[in-house]
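Colleague: In full-length UniProt numbering, the protein residues as written are 1 to 122.
From the three backbone atoms N, C-alpha and C, an ideal C-beta is built for every residue, glycine too.
These numbers come from a predicted model, not from an experiment.
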Amino acid sequence: MAAKAKGLLERFRDGETVICAEGYLFEFERRGYLQAGGFVPEVVIEHPELVEGLHREFVHAGSDVVLAFTFYAHREKLRLVGREADLEKMNRTALRLARKMSGKVSHAILSPYVRPPEEDRK
């Protein structure tokens, strides 16, 4: 019987290196799937297969952590681009895609990674 793999918290506690690939926002902007300036992750609901593909690329590159691509998927940013009604759908889809890919790595977490509006961070 194979030994159970260490969990993420155990790895942190033991001082092991944990790789968390990120950069979804800039990579999708570079590929032409995000509107520069708004940077709302519309690609999550318009092209979920591309988000899943980028998750796969990051895991293949060695990432131990799969992040849900929810950066800037908050009401204020969505309102600026006329997508406020898509708030829940966008975040739920991002979480579903990350959860699906998290099964491909031995140590994964889901992170609803939402950056709050500037005024909320003061």
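For a quick check, are the C-beta atoms of residue 54 and residue 22 less than 8 Å apart?
Modeller: Their beta carbons are not under 8 Å apart, which means residue 54 does not touch residue 22 by this criterion.
Colleague: Compare the beta carbon distance of residue 83 and residue 40 with 8 Å and say whether it is the shorter of the two.
Modeller: Cβ atoms of residue 83 and residue 40: closer than 8 Å.
Colleague: Which whole-angstrom value is the C-beta distance of residue 51 and residue 69, which I expect to be below 8 Å?
Modeller: So it is a contact: roughly 6 Å between Cβ atoms.
Colleague: So, with DSSP's three-state summary, where would you put residue 120?
Modeller: Residue placement at residue 120 cannot be trusted, given a pLDDT of 49 that sits under 50; what the coordinates show is reported in the next sentence. Correct three-state label for residue 120: helix.
Colleague: Where do the N-terminal and C-terminal ends of the alpha helix (DSSP H) with residue 41 fall, by residue?
Modeller: No alpha helix (DSSP H) holds residue 41; DSSP gives it neither H nor E.
Colleague: Could you give the DSSP three-state label for residue 85: helix, strand or coil?
Modeller: It is helical.
Colleague: Going by DSSP, what residue range makes up the alpha helix (DSSP H) through residue 67?
Modeller: Where residue 67 is concerned, there is no enclosing alpha helix (DSSP H), given that its DSSP letter is neither H nor E.
Colleague: In angstroms, rounded to a whole number, what distance separates the CA positions of residue 121 and residue 76?
Modeller: The predicted model places residue 121 with a pLDDT of 49, which falls under 50 and marks its position as unreliable; any figure quoted below should be read in that light. Taking the straight line joining both Cα atoms gives about 13 Å.
Colleague: Thinking just about the alpha-carbon of each residue, which of 71, 4, 48 and 34 is nearest to the one in residue 101?
Modeller: Closest by alpha carbon: 48.
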